[in-house]
Structure formats: structure tokens, C-alpha cells
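One structure is given below, encoded as C-alpha cells.
Protein chains in written order, with the numbering used here: chain R, 24 to 328; chain X, 24 to 328; chain U, 24 to 328.
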């Protein structure tokens, strides 16, 4: 693969062929993890998390360590020189010298792209504001591929906050690379960004706006997202929205027998814990698949760098 | 040993025979550490600390790394998705996919037990509220065994706050597995939990309530505990209690020549630094023995998992 | 070298010969890093950071991991037993048992020296209040040596806050070990500590107090420092001082063609980002050289400990 040394700022930095190859590598890593242990021995990944994270940070760290590599970094700005007023730019230009690649999560859109301009080592976007979260999209696609056998022809319903969820942007752009994909958008007014919507349509995705019930009934994959209180304008708006698209167990009666429910997590009220016992609930498996997918990505990007 | 893959939520999850074998392994690890380096290579321990810790977290991490393994996790909820309202349950179910075993410290009693119900990987209790702290009890017993040669027949005085100290609960339950143990309880009204007291008596421990002076005079092991301001009802109660059972150097004159003073640390006023220069002061050695004991535990639990 | 097992509390704990040998080792580590990978396998460095840091902590961690060793510790007191009132002394005496050497950063002058008295393992000062920062001085000297070919005979201008910058104290003491060094001090009243000044003069350094312009014109190395708001008496004083010694690109026109601009970072207004594009700007390279220098130091101190 030609991922060696490349930045991954947007999911569109990879082609469909590269995604497919990445998934084959991830599958091998699930099957024969010990074959890959030691393949990044002596290499260092910097994890720079300017915003809280559990899954992205810990799964990247676990992935790096499963490959025999190691990690330096921070999980919040507390305890760093950012407390003394150091700029983002100076921080990444400094840390560049301490690592072979870096993962960045930041509240500002474009932060990872900015870092990629500034430094020579590969930069992986671990989530930039409400814009993108490409490795989450890789995990989402990989989960669909593992559970459904293929991504071409899939019918995915996206629920709830499609406006502020960076995972949704990256997932829609990722799905657009596949054939015969149908998207069902079910949102209480928090609509997909126009540039993402248009890109999907341009690439041949069939997009339909539907109600929650229709989404549940039609979809092969239900992709639920959290209404992000921290990105909404008012507490009032949050209270109005948070229950509107709640995936109540009762409405799941109408779903297909082979339904797959995904969620990038963390979840709140939109995905009640009663759903956890349904066969369709695959979101913890999805979280766990973050490790082989990120192992594959680090392996392809960092080998021989 | 049959510890492989097992949870350690309570000290009573181990039998006396298993404790004895654990201590023999720990002793070998002290004597020939390099024999064990690499034995957990490629394995990952998750350390999930929802409450502050220095000794438990760092000694677990050091133990894991001394065995060639690695660690992922967090030392406070700051910087994790718990900040975005993620539940404890979702956090542990997620992290399960990133590790081969997990250590949990949490302010709520029963947190580790709850995690053990939810996940497949072994769960080790690193302290749950005021209930238990089994690996501290292992370190306490091991220290007594190393310094005294045996645990059977020991006379242990427990000082100060016996009500809120999880270390005391685990230690009393641990000592109850041995023969001819005598406990001297010296407390300013913060008495041992009744279920722990009753279990000890049932198992044949001789228990006596005594004053501070008598405890010091009689004991082979003085186990001092911190009056935990954060678990008391009022600042007034704290002020009244904190000096009442202070181990003043002057009262140590009455002690046996072979006295062993232990403390799970951190300490406050109850154990003045003047005591540090006494031959009996063994609490830093006790802290350091946390590494071989936890190495032995991780080795037995995680090998071949 | 005889650094094995020694404390590095002050830069004066090393002789000139030891510094020179350290730099030769660092150079080898830059050229053939893989020769050294694994040389500290199984060793643990404790990083105890009671104050924020990006460069010192992350470059020590990267250095240790590049040598195949590992790290335990904390990047802020948050999440440690210091939150429960544990003393600095008890913390270091405890952590001693978990590591083969420790790096300490602390807001109090003398903290590292105090730790070195208390523990057996080597203690490295990672910055103690406004007093010293010896490994930063090693990095500074090494950068000059790498870029200029030698340190003897160098003309160094020190700008801005010479009173509160521990890096300046350590650098001046370090330069005093070399021959024919000339120091140009340019400060808005925040003068070098008298004991450091006197030591430099006693050792034969020529010291001159100059204005900013003269400093820029004369110097081979311009060493810029941050005016440290957190160590000044008032916000008013900070506002008055912060721009007074700002290194404006316009005044750099007068500089020598081979000028080297260094800064320990983080920077604020005193070093405008417009300077970054100048050939003379070497401060990010300086930050990156922190890794080979600290690798060399850890290697020499920890080998065979």
C-alpha cells in the first residue's frame, strides 16, 4: 500500500482500494495478532488530545502497543505548556521531534490539517471539532464489512444529530466511495452539512430524508449519534432534541431481522441500555474493532517511516 | 495455580493456599526479576482510576512493565469521555476490547464487582469506595511474611479509622485465613464493619478492643490508618479524631523490640515523620513490596489468558 | 564515564569533560539510534511532574522509550495521592521503589536536591522553581556545539528575564565550564541572580550588560527567554516588561550572518512567529535535540544501575 508516511486528515485521503486493503490487513491482525507483534518496535506515536476521549485515545494506544511500539503525549491540556500559553502550532512543531507519527484531537475544525502543514511526520486526525473523524469512519465501515460481508449496496440510516457529528461527516464521505449505497437521514432538524450532502449525491449515493420509524423499518444499518449538548446553542434546544430521536426498544419491533445498530459512543438517552440485549446491538463490538483497524492503519503509515 | 483468568474483587476470592503460592512467586520475582522479564510481552493491562492514587496505580504499572507488558488507561476522569457523561458500565465494556485484564479504582462500593459481571477479561479491584482493597491486603500480608517469617500466630493491632478504611476490611479478611491470629482494635469510635468483624470471629480470629497504649505494647504488627477526611461527615469530626490516635514517638517506648509498623499510605498526622527513623518503621518497604506482589498477581492472572 | 548512578541536580554536578563525553554519546545516538535500542530494556524511569511541562516530560519519555526502557509517573498532581495531602517527601520515597531513576519537576527551589537526599535511585532535576534546569542547559550547549562546532570562545547574548529563568541559571553555569566565553546580558531590570553572576565571573567568563540592539549586533548566539507572568509580582509589571525586549524581525537586520537564535520554549510575545522563517531561528531544532541529549544522559546514568 502507498499509505507509508502519509497524513490522514480526511477519510477522503484514502481511496476505496486503500480502504479495502486496510480492512484486509485489519482482518489478518484480528486472526493472527502475534504475527504483527514487534513490527513497530522502537517506533513512537504521539497522542495529542486537546479534547476528552476514551475510545480514540485508548484504542490508538492499545494498537500501537500491540504492534510493539510505544506512545508519548497527553490526554488533556492540563499538565502541558499549553497551560503557560503555548500555541497549538508551537506544540506540534515541538512534539514532531519526539515521535514518528502523531494523532491529534482538537476542538477546532482544521486543526489536524494545520498540523499536517507544519510537520514532516504523518499526522492522523483523531477528530477536529465538528468536521471529521476519519479513523472512526474506518472502524464503522470495517464493522459493516465484517458483519455484512460487504459495503457495496448497503442501506444505512443515520439518526439524530447529523449537523454536529464529525463521525457522520466522515462516514458519509466514506460510504460515498462504495457502490449502490443508500442513505436514510432521520434528524430533528440537525441536518447533514451541505458540502457533505452534495459530495455524497455527486458520487452517486441515493439520499432520502425520512422519519425515525421509516428509518428503523428500512435500514440494514442504524447509525445512532449523540445529541452533543456542548455543540448546541442552548440548553433548551438540547432538552427539546434529546428525546425526539430516542431509539426506543418498542420501535425496533418493525426492524429487519438482520439489522445492525452502530453508535460511535459515548451515548446518552438517544440509545437506551435496554437495547443492549438485542441481537442487533453491535456498538460495543464496533468499539472493540477500533483496535485492529487502528493497528492496520499505524502499521501501513508508520512502517519504514 | 488456578488464578489464570480469574477476577480479584475481594481478598476472599483467593484461598490461603493461593495466597501462599502468590507470595512464593513474589519472592522469586524479588530475587530473580530478570527471569520474569518478557513473560507478559505483548499483553496490555488497562488501569481505570476514577479516584486518585499514587501507590496502587504506579506499582501496578511498574509491575506490568517489569514483566515486559504494557499499560493503557487513565489516572482521573479528566480527559475521558466520562466528561461527556459516559456511564461507568459503558466505559468498562468499551475498554474490555483494548486490554487483557483491567484494574479499577472507583469511589463507589461494588464498582469492581459490577465490572466483573459485565466483562470477560479479568478484573482486579484497585479499591472500591470504603469496601475492599484486596491487592493492598496482599502487600500487607506479604510484608509481614517477609519480615516475620510467617503469618500464622501473628498479633496485629489496627489503629484509628477502622470504619472507612477499605484496606482494613481486606486485611482483616485476609488474616482470617491464617491460624491463631489475634487482632487488637484501637479506634476512637470508628469501628470495624460488623460483617467483617463477624467473619473474622467466625473464622477463629481472636478479637479484642483495646486502647492505643495497650495496642502498642502488645502488638507484633501495628497497622496505622489515615483518618479519611473525605469519608467523614463533618470537618468537626475530623478535627476531633485526627489527633486522638496519633502514633506519638513517646508511646513507642513501650513497644516490643521486634515491632513492625505498617501503614497503607498516604499518611497524615496520625503517623508523625519522627517515627520514620525508628527501626520498626517498615511502611516504605511495605510500599515498595507492592511491585513484586503485583508482578506475581499479574503473572498468575494474565499468563496465557 | 562515571555518571552511572549519579544524581543530576545542578548542571555543575557534571564536569566539562563529562559534558563533552555526553555530547559525543548524543551525537552517536543521532547517527545510529538503532545501536542503542534495547540498551535500557526492562528499566523504568519515573517522571514526577508537579508543574506543567511539554518538552521536558515528553522528550524524557521519548528518550527512555527510544532506548527500549519504560516510564511510570504523572504529569500533574491531579489524580495522585498528593490530592489527599501526601507530602512531596513521602511521594518520592514511595516511588523510589517503582523505578530505576527519577526525573522531578517541582515549583519549589531545591525540590530535586531534597529528593536526592531521600532516595537511593538517581534523581534528575527537570526544573526546580526559578533555580535550575540542568538538562535544558545540556540541550542548549549541545545545540551550540552541533551548529557552531565548539562551545569554547562563544559569544552568547541572554535576553529578557534573567532573574526568574532557571534555564538561564543552568546555562550560565554550564558555559562557565568552557574557555573564552563572553556573555552579553540584555534585560529590562530582571537581572541574573548574584550567585550565578559571581560564579561565572570567578570562572573567567567575560560579562557585559548591554541593550537589546547591541546584544543582537554582537552575539553569535541569542538566547531569548519568556517573561514569566506566573513568577512576577504584578500584572502591571508583566505588561510593562513583555514587549520591552521583544525580538522584532526589524532589529535582526543588524545581526551577524551566522547568528543562532535559541529559546527554551514555550515562547510568548518576546519571540514573534515572524522570526521562525529566518535562517537563524534554531529553537525548534534545539527542542528536538532534547531527545538525543536526554537519551545519552539516561543511558550513562541508568546503565547497570
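All residues carry an ideal CB built from backbone N, CA and C; glycine is no exception.
Since the structure is predicted, the reported quantities are computational estimates derived from the model, not experimental observations.
Around residue 205(X), the same chain offers 178, 229 as residues with beta carbons nearer than 6 Å, after the five sequence neighbours per side are excluded. For residue 231(X), the secondary structure class from DSSP, reduced to helix, strand or coil, is strand. Below the 9 Å Cβ cutoff, chain U contributes 77, 288, 289, 290, 291 as neighbours of residue 109(R), in chain order. From the beta-carbon of residue 46(R), no residue of chain U is found nearer than 8 Å; the closest lies around 30 Å away.
Minimum Cα-Cα distance from residue 291(R) among the listed residues 85(X), 43(X), 108(X), 30(X) corresponds to 108(X). Residue 113(U) sits away from residue 131(U), with the two beta carbons spaced by 9 Å or more.
Residues of the same chain with a CB within less than 7 Å of the CB of residue 100(R), apart from the 5 flanking positions on each side, are 73, 106 in chain order.
Separation of residue 187(R) and residue 254(R) (C-alpha to C-alpha, rounded to the nearest whole angstrom) is 7 Å. Spanning the alpha carbons of residue 91(X) and residue 57(R) requires a straight line of approximately 15 Å. For residue 295(X), not one C-beta of chain U is nearer than 9 Å to its own C-beta.
Secondary structure of residue 91(X) (DSSP, three-state): coil. Below the 8 Å Cβ cutoff, chain X contributes no neighbours of residue 265(R), its closest Cβ being approximately 11 Å away.
Under the three-state reduction of DSSP output, residue 109(U) falls in the coil class, being neither helix nor strand. Taking 9 Å as the CB threshold, residue 311(U) lines the interface with chain R. By the C-beta density criterion, residue 202(R) is exposed, having fewer than 16 other C-beta atoms within 10 angstroms. Classified as buried, residue 193(U) has 16 or more neighbouring CB atoms from the shown chains inside 10 Å of its CB. In terms of Cβ geometry, residue 167(R) and residue 115(R) do not form a close pair [threshold 9 Å]. Judged by DSSP secondary structure, residue 70(R) falls within the beta strand (DSSP E) whose first and last residues are 67–72. For the stretch 201–227 of chain X, no residue has a beta-carbon sitting nearer than 9 Å to a beta-carbon of chain R. Neighbours of residue 193(X) across chain U, judged by C-beta separation under 9 Å, do not exist; the nearest C-beta is about 18 Å away. Among the residues of the stretch 159–174 of chain X, none has a Cβ less than 7 Å away from any Cβ of chain R.
Taking a 10 Å sphere around the C-beta of residue 207(R), we find 16 or more other C-beta atoms and assign the residue as buried. Note that the stretch 234–252 of chain U touches the stretch 286–305 of chain U; at least 3 beta-carbon pairs, one per stretch, sit closer than 8 Å.
Following the DSSP letters along the chain, one finds residue 195(U) inside the alpha helix (DSSP H) bounded by residues 189–198. Looking at the DSSP output, residue 97(R) sits in a beta bridge with 71(R). DSSP, reduced to helix, strand and coil, places residue 240(U) within a helical segment of the structure shown.
By the neighbour-count definition (other C-beta atoms within 10 Å, threshold 16), residue 323(U) is a buried residue. Closer than 9 Å to the CB of residue 105(R) there is at least one CB belonging to chain U.
Per DSSP, reduced to three states, the secondary structure at residue 153(U) is coil, with no helix or strand assignment. If you look at residue 316(U), you'll find it in the alpha helix (DSSP H) that goes 313–325. For residue 240(R), no Cβ of chain U is located within less than 9 Å of the residue's own Cβ. Straight across, the Cα-Cα distance linking residue 239(X) with residue 70(R) is about 51 Å.
Chain-order list of chain U residues neighbouring residue 67(R): 85, 88, 89, by C-beta distance under 8 Å. In this structure residue 272(X) is exposed. Its beta-carbon is surrounded by fewer than 16 other beta-carbon atoms within 10 angstroms. Within the same chain, 199, 200 come within 8 Å of residue 226(U) by CB-CB distance, once the 5 residues on both sides are set aside.
Proximity of chain U to residue 97(R) at the Cβ level (cut-off 7 Å) is accounted for by 98, in chain order.
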